[in-house]
Amino acid sequence: MSTTPPESEIIQGDQVVQETQAVQFEATTRHIEANRVIRVAFSQLRMVLPWKNSDGVPTRRKILWRAIE
């Protein structure tokens with residue numbers, strides 16, 4: 001007795017795989033774009049805010065940077 005599934009199940013399985021890959025690609029694309037936006041925001045923040053205040057205490061920027069590292 002053959003254990004090969006019917007052709008319709010194979011086609012349906014291929015469609016599910018393709019849909020899953022499309023969703024993963026879209027999520028990866030959104031993740032890359034989000035990382036780019038974060039990098040740009042930190043670059044702008046770096047230009048505006050110092051790492052430490054005049055009394056040597058880390059600024060919010062440094063604290064935030066440590067949190068995402």
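Numbering (the UniProt record's numbering), first residue to last: 1 to 69.
For each residue, glycine too, the CB sits at the ideal point set by N, CA and C.
Flag this pair as yes or no: are the beta carbons of residue i and residue j separated by less than 7 Å?
i: leucine 45; j: arginine 66; result: no
Out of curiosity, what's the CA-to-CA distance linking residue i and residue j?
i: aspartate 14; j: arginine 36; result: 33 Å
i: alanine 34; j: threonine 20; result: 21 Å
i: histidine 31; j: glutamine 24; result: 10 Å
i: leucine 64; j: glutamate 9; result: 50 Å
i: threonine 59; j: valine 16; result: 49 Å
i: isoleucine 68; j: arginine 39; result: 11 Å
i: valine 57; j: alanine 41; result: 22 Å
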